[in-house]
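The sequence shown begins at 44 in this note's numbering and counts up by one.
Working notes for the structure below.
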Amino acid sequence: MATNTVVGILTCTDGTNIPLKAEIVEGTETSLTTDTVYTSTAIQVGDYAIGKTVTHGLIQFANGFQYAYILRQGLVASVIPCCVNGASTATPRLWAPITLMAGDLLRVMNQTAADRGAALCYVTNRGTQRIATV
């Protein structure tokens, strides 16, 4: 399978930007780490910015995508907006701000160009964020 470059940014309340970039195999859910151009090594978001509160974010994929989210202790902690490269000119606000903790992972699902899968990201009436896929 081919790989695609997935890039993104998370913006925190104090103005800090967390740069994200990785080569990800199509059709797999993988962790998206920090961009090594700006950080010395690829680091998970929770370990890079412990205690920072993320309010905005955007992940951009070269081909198709299904979803992006912050994984905390096995559960979806926050859904992150995503799009195909060039389809957005702004960094959208998250449904709810999230304060990063050590061990938080940013997981992304990079779809193949021929795949027709879909995902529904939603918030329950209790504020719990979830993702349903087909």
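Glycine included, each C-beta is placed from N, C-alpha and C at the ideal position.
For Leu163, which residues of its own chain have a beta-carbon under 6 Å away from its beta-carbon, when the five flanking residues on both sides are left out?
The count along the sequence shown starts at 1 and reaches residue 163 at position 120. Excluding residues within five positions, the ones whose Cβ falls inside 6 Å are Ala175.
Nearer than 7 Å: is that true of the beta carbon of Ala139 relative to any heavy atom of the ligand MN?
The model on display carries no ligand, and the ligand MN is accordingly not part of it.
For Ser121, count the other beta carbons within 10 Å of its own beta carbon; 16 or more makes it buried, fewer makes it exposed. Which is it?
Counting from one through the sequence shown, the residue named residue 121 turns up at place 78. By the 10 Å Cβ count, Ser121 comes out buried.
Pick from Met44, Asp147 and Asp57 that is closest to Val119, judged by C-alpha positions
Taking the first residue of the sequence shown as 1, we reach residue 119 at position 76. Checking every option, the nearest Cα to that of Val119 belongs to Asp147.
Report all residues from its chain with a CB closer than 6 Å to the CB of Thr142; omit the five preceding and five following residues, and keep chain order.
Against the sequence shown, residue 142 aligns to sequence position 99. Excluding positions up to five away in sequence, the list reads Thr96.
Determine the extent of the alpha helix (DSSP H) in which Val88 is found, giving its start and end residues.
Taking the first residue of the sequence shown as position 1, residue 88 is located at position 45. Looking at the DSSP string, the run of the alpha helix (DSSP H) that includes Val88 is Val88 to Tyr91.
Bridge partners for Gly51 per DSSP, in chain order?
The residue you call residue 51 lines up with position 8 of the sequence shown. According to DSSP, Gly51 bridges with Leu63 and Ile102.
I need the straight-line Cα distance from Ile102 to Ala161, nearest angstrom please.
One-based indexing of the sequence shown puts residue 102 at position 59. One-based indexing of the sequence shown puts residue 161 at position 118. Distance between the alpha carbons of Ile102 and Ala161 is about 16 Å.
Please classify Arg159: does DSSP put it in a helix, a strand, or coil?
Position 116 of the sequence shown holds residue 159. Three-state result, Arg159: coil.
Anyone know if the C-beta pair for Ala45 and Glu69 falls short of 8 Å?
The residue you call residue 45 lines up with position 2 of the sequence shown. The residue you call residue 69 lines up with position 26 of the sequence shown. Yes; because the gap between Cβ atoms is below 8 Å, this pair is in contact.
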